[in-house]
Amino acid sequence: LEFRHSKDKILELYCAHAPFGSNVVGLEMASWKYFGLQPHQLSWAEAATLAVLPNAPSLIYPGKNQERLLAKRNRLLKKLYNDKVIDKATYELSLQESLPQKPSDVPQIAPHLVQKAAKEHPAEKIKTTIQLDLQERTNEIVKQYYNYYKQNQVYNISVLVVDVKTRNVITYVGNSPTDKEHQKDVDVIEAPRSTGSILKPYLYAAMLNDGYILPQTLVPDVPTQISGYSPQNFNLTYDGAVPASRALARSLNIPSVLMLQDYSVNQFYEKLQQLKLRNVNRQPSNYGLSLILGGAESNLWDLCKAYAYMSSTLTYFNQNDSKYRKNEMLNLNYDADFQPDFGSSSRQKNIFGAGAIWQTFNAMKEVNRPEGDEGWKFYDSSLEIAWKTGTSFGSRDAWAIGVTKDYVVGIWVGNATGEGRPLLTGVDSAAPILFDVFRLLPKSKWFEMPYNDLDPVEVCELSGYLAQDHCPKIKQWIPKTAKKTDNCPYHKIIHLDKNQQFRVNSNCESVDEMITKSWFVLPPVMEWYYKSKNVNYQNLPPFRSDCVDALQDKRMDFIYPKANTKIILTKDFESKVQPAIIKVAHSNSDAELFWYLDDKYVGTTKTFHEKPIFATTGFHIITVVDEFGNEIRRKVQFESE
Numbered sequence: 216l217e218f219r220h221s222k223d224k225i226l227e228l229y230c231a232h233a234p235f236g237s238n239v240v241g242l243e244m245a246s247w248k249y250f251g252l253q254p255h256q257l258s259w260a261e262a263a264t265l266a267v268l269p270n271a272p273s274l275i276y277p278g279k280n281q282e283r284l285l286a287k288r289n290r291l292l293k294k295l296y297n298d299k300v301i302d303k304a305t306y307e308l309s310l311q312e313s314l315p316q317k318p319s320d321v322p323q324i325a326p327h328l329v330q331k332a333a334k335e336h337p338a339e340k341i342k343t344t345i346q347l348d349l350q351e352r353t354n355e356i357v358k359q360y361y362n363y364y365k366q367n368q369v370y371n372i373s374v375l376v377v378d379v380k381t382r383n384v385i386t387y388v389g390n391s392p393t394d395k396e397h398q399k400d401v402d403v404i405e406a407p408r409s410t411g412s413i414l415k416p417y418l419y420a421a422m423l424n425d426g427y428i429l430p431q432t433l434v435p436d437v438p439t440q441i442s443g444y445s446p447q448n449f450n451l452t453y454d455g456a457v458p459a460s461r462a463l464a465r466s467l468n469i470p471s472v473l474m475l476q477d478y479s480v481n482q483f484y485e486k487l488q489q490l491k492l493r494n495v496n497r498q499p500s501n502y503g504l505s506l507i508l509g510g511a512e513s514n515l516w517d518l519c520k521a522y523a524y525m526s527s528t529l530t531y532f533n534q535n536d537s538k539y540r541k542n543e544m545l546n547l548n549y550d551a552d553f554q555p556d557f558g559s560s561s562r563q564k565n566i567f568g569a570g571a572i573w574q575t576f577n578a579m580k581e582v583n584r585p586e587g588d589e590g591w592k593f594y595d596s597s598l599e600i601a602w603k604t605g606t607s608f609g610s611r612d613a614w615a616i617g618v619t620k621d622y623v624v625g626i627w628v629g630n631a632t633g634e635g636r637p638l639l640t641g642v643d644s645a646a647p648i649l650f651d652v653f654r655l656l657p658k659s660k661w662f663e664m665p666y667n668d669l670d671p672v673e674v675c676e677l678s679g680y681l682a683q684d685h686c687p688k689i690k691q692w693i694p695k696t697a698k699k700t701d702n703c704p705y706h707k708i709i710h711l712d713k714n715q716q717f718r719v720n721s722n723c724e725s726v727d728e729m730i731t732k733s734w735f736v737l738p739p740v741m742e743w744y745y746k747s748k749n750v751n752y753q754n755l756p757p758f759r760s761d762c763v764d765a766l767q768d769k770r771m772d773f774i775y776p777k778a779n780t781k782i783i784l785t786k787d788f789e790s791k792v793q794p795a796i797i798k799v800a801h802s803n804s805d806a807e808l809f810w811y812l813d814d815k816y817v818g819t820t821k822t823f824h825e826k827p828i829f830a831t832t833g834f835h836i837i838t839v840v841d842e843f844g845n846e847i848r849r850k851v852q853f854e855s856e
């Protein structure tokens, strides 16, 4: 040792490996265990106490043989005074200090990160990127919410905070301060959990980026059944049609499923692979359309990494001459000595373009805040955050992830055992923690608009599609790649009589007397729900009775069932078979409809077109005829046993 090392190094090695009693090894651990301090924070009396312990650690240590320990400590203090290392006042004050008693607990500031580092860097000393003050204050927030949520038997919370610019993890709360019975040692940040709605922004960005939608494109929100799969909105209501950006902000399930169907599961799966979501690892066909509603699993680490990529891509694009970096999709880091390599710059975008990301973040900024904070927009200090919540099926997982130019904050709340609990939702359980953590961080400015990846175009004011000639037009900035989207399909030219009450044609009205107008017309089922939420929507006027085309005005459709549906008739508590409720939408709310089952008349409806139908097991034809002679048919399979 003398030949290899200096005296200081030998002393350092000795301090790191010396026994200090009660299974305590090393000066640093002894300092924490006996005094709750780091070594450089020790007083002269405390340092002298630790200095004499390795002489006989099994016989003399705090809590045992106190008189002998006190005598040994004081002899060392006397020697320090005699050698003029300390002055008289320090010596006398040190003698007055009491000895430590039984060992205290080592502080658990980020135990799950320590566990992760020990696993990934065995036998190495790692200085982490954790910001101590932020970590401790976040721990306190988690503790407060844990004490509140455990009353509802929700025991686990995890929080991850990432510095976007460096990808450094600056806060890592792997679990709440619960007990062993409730899985306190599980690092939930790395645990695969059902995603709920937390993937929806990725789909929205992908469809904007690849030219499938524009921000205000109307997406159907009607009762839907696809190959036996029937998604439902969280509040069990329908809007008929809703702008894509509002569908994301409100986290509507049916529009998201229909958007995924249009984009394709395979194509979206490839995007998730590019975003390096490790737990999305089954074949796309195994997920199907449920992929967007929580059919897949992911973890807080990967989700925050993907959102950090999006934030960094947009900021770098705006600050560096409209360029992207090759390795922007970089892993998160907790090693303070690690230097990230984002790769070379180029004009080639990486996964998503800046324009699509900017539009996505704008939609996410409009998400409704947690209950009790509805007036957040009116606060002078309101936080501008792009954020999204998610709730898995059965209320097992509550997610909230927020993004700014500088930080990503991810929250998960639930039970590590997978047990669901009533009232556990992303917006009510995870979002409040999200905003409390963001209030600890420096405030960020909102993202700059990436003009070089956007183009101003004319879009239809009502449908959100690219405007056709007959649309009311507004200017809107859209991603450059989105200019290949479709033109508005919902505006049609109609001819009205001079009083503009009826539609006419050349068979019943002279051309000079006709008034030509552009009319916004949705498909029947979309229209039926849309007009209940949009009072300004105007139904298409009927044809005047003397016009030949009056009987050709087909404006009705089935709401339920969809084509090729199998309906199982249930029984009540008295074992009586219950009917299937068949629903139809008609553009004329006063129209009378006539119902038939296999050409057998079963009744009429008016205003509300819902008809209970009894049928035997097998295939049947349901026919509905309106008073104008229009007819719709649907083949349905019934099972009544």
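First residue of the sequence shown: 216, per this note's numbering; consecutive thereafter.
Note that beta-carbon positions come from the ideal geometry of N, C-alpha and C, so glycine has one too.
Based on Cα-Cα distance, which residue from 817, 771 and 813 lies nearest to residue 844? Residue nearest to residue 844 within the set 817, 771 and 813 is 771 (criterion: CA-CA distance).
Hey, how far is the Cα of residue 749 from the Cα of residue 361? Pairing residue 749 with residue 361, the inter-Cα distance amounts to about 42 Å.
When you compare the CB positions of residue 475 and residue 524, do they come within less than 9 Å of one another, or not? No, the pair does not count as a contact, with Cβ atoms beyond the cut-off.
Short check: CB of residue 644 to CB of residue 619, under 9 Å? In this structure, residue 644 keeps its C-beta atom at 9 Å or more from the C-beta atom of residue 619.
Distance between residue 719 and residue 617 (C-alpha atoms, nearest Å): Whole-angstrom Cα-Cα distance: 54 Å.
Please list the segments of the beta strand (DSSP E) lying wholly inside the segment 768-818, counting only runs of 3 or more residues, in order along the chain. The DSSP assignment places 771-775, 781-783, 795-801 and 807-812 as complete runs of the beta strand (DSSP E) inside the segment 768-818, in order along the chain (cut-off: 3 residues).
Relative to the alpha-carbon of residue 715, which residue among 754, 695, 745 and 640 has its alpha-carbon at the smallest distance? When each option's Cα is compared against that of residue 715, the closest is 754.
Using the DSSP secondary-structure output, state which residues sit across from residue 512 in a beta bridge. Beta bridge pairing from DSSP links residue 512 with 409.
Helix, strand or coil for residue 282? Go by DSSP, reduced to three states. Helix at residue 282.
From what residue to what residue does the beta strand (DSSP E) around residue 614 run? Unbroken beta strand (DSSP E) run through residue 614: 612-618.
If you draw a straight line from the C-alpha of residue 726 to the C-alpha of residue 472, how long is it? Separation of residue 726 and residue 472 (C-alpha to C-alpha, rounded to the nearest whole angstrom) is 46 Å.
Can you find the residues in the same chain that come closer than 8 Å, C-beta to C-beta, to residue 457, ignoring five residues on each side of it along the sequence? Taken in chain order, the residues that qualify are 433, 434, 436, 465, 467 and 470.
How is the alpha helix (DSSP H) around residue 835 delimited, first residue to last? Per DSSP, residue 835 lies in no alpha helix (DSSP H) segment; the continuous beta strand (DSSP E) that holds it begins and ends at 833-841.
Out of 418, 849 and 505, which one is the CA nearest neighbour of residue 488? Comparing Cα-Cα distances from residue 488 to each of 418, 849 and 505, the minimum goes to 418.
Could you tell me which whole alpha helix (DSSP H) segments of length 4 or greater appear in the segment 388-455? Counting only runs of at least 4 residues, the segment 388-455 fully encloses the following alpha helix (DSSP H) elements, listed from N- to C-terminal order: 415-424.
Using 8 Å as the threshold, is the segment 527-538 in touch with the segment 622-629, meaning 3 or more CB pairs across them? Counting Cβ pairs under 8 Å, fewer than three are found: no touch.
Identify whether residue 641 lies in helix, strand or coil by the three-state DSSP scheme. Helix.
Pull up the distance between the alpha-carbon of residue 717 and that of residue 498, whole angstroms please. Rounded to the nearest angstrom, the two C-alpha atoms are 54 Å apart.
For residue 637 and residue 741, the rounded distance between their alpha carbons: Answer to the nearest angstrom: the Cα atoms are 32 Å apart.
Quick check: the Cα distance between residue 848 and residue 477, rounded to an integer number of angstroms? Cα-Cα distance, rounded: 26 Å.
Counting pairs of beta carbons, one from the segment 662-669 and one from the segment 440-452, are three or more of them closer than 8 Å? No: fewer than three Cβ pairs fall under 8 Å.
May I ask you to verify whether the segment 342-351 touches the segment 377-395, counting CB pairs closer than 8 Å and requiring at least 3? In this structure the segment 342-351 touches the segment 377-395; the number of beta carbon pairs closer than 8 Å is three or more.
Can you grab the Cα-Cα spacing for the pair residue 365 / residue 579, in whole Å? Going from the Cα of residue 365 to the Cα of residue 579 covers about 30 Å.
Which complete alpha helix (DSSP H) runs does the segment 344-379 hold, if anything under 4 residues is left out? Listed in chain order, the complete alpha helix (DSSP H) runs (minimum 4 residues) inside the segment 344-379 are 347-364.
Residues bridged to residue 561 (per DSSP): Paired residue(s): 539.
Decide if residue 423 is buried, meaning its Cβ has at least 16 other Cβ atoms within 10 Å, or exposed. Residue 423 should be labelled buried.
Across which residues does DSSP place residue 601 in a beta bridge pair? According to DSSP, residue 601 shares a beta bridge with 618.
Using C-beta distances below 7 Å, list every residue in its chain close to residue 341, excluding the 5 sequence neighbours before and after it, in chain order. Once the five neighbours on either side are set aside, the close Cβ partners of residue 341 are 332 and 550.
Endpoints, beta strand (DSSP E) assigned at residue 733: Element bounds for residue 733: 730-735.
Let me confirm a value: residue 229 is counted as buried when at least 16 other C-beta atoms fall within 10 Å, else exposed. Which label applies? Its Cβ having fewer than 16 others within 10 Å, residue 229 is exposed.
Excluding five sequence neighbours on each side, which residues of the same chain lie with their C-beta closer than 7 Å to the C-beta of residue 707? Excluding its 5 nearest sequence neighbours in each direction, residue 707 has C-beta neighbours in its own chain below 7 Å: 734 and 736, listed in chain order.
From 381, 519 and 263, pick the residue whose C-alpha is nearest to that of residue 601; which is it? Shortest Cα-Cα distance from residue 601 to any of 381, 519 and 263 involves 519.
Excluding five sequence neighbours on each side, which residues of the same chain lie with their C-beta closer than 7 Å to the C-beta of residue 438? Taking C-beta separations shorter than 7 Å and ignoring five residues to either side along the sequence, the partners of residue 438 in its chain run 453, 774 and 775, following chain order.
Give the DSSP-derived three-state secondary structure of residue 626 in the structure shown. Look at residue 626 here: in three-state DSSP terms it is strand.
How long is the line joining the alpha carbons of residue 760 and residue 710, rounded to whole angstroms? Those two C-alpha atoms are separated by around 14 Å.
Report the rounded CA-to-CA distance for residue 668 versus residue 534, giving the unit in angstroms. Near 13 Å, if we compare the C-alpha coordinates of residue 534 and residue 668.
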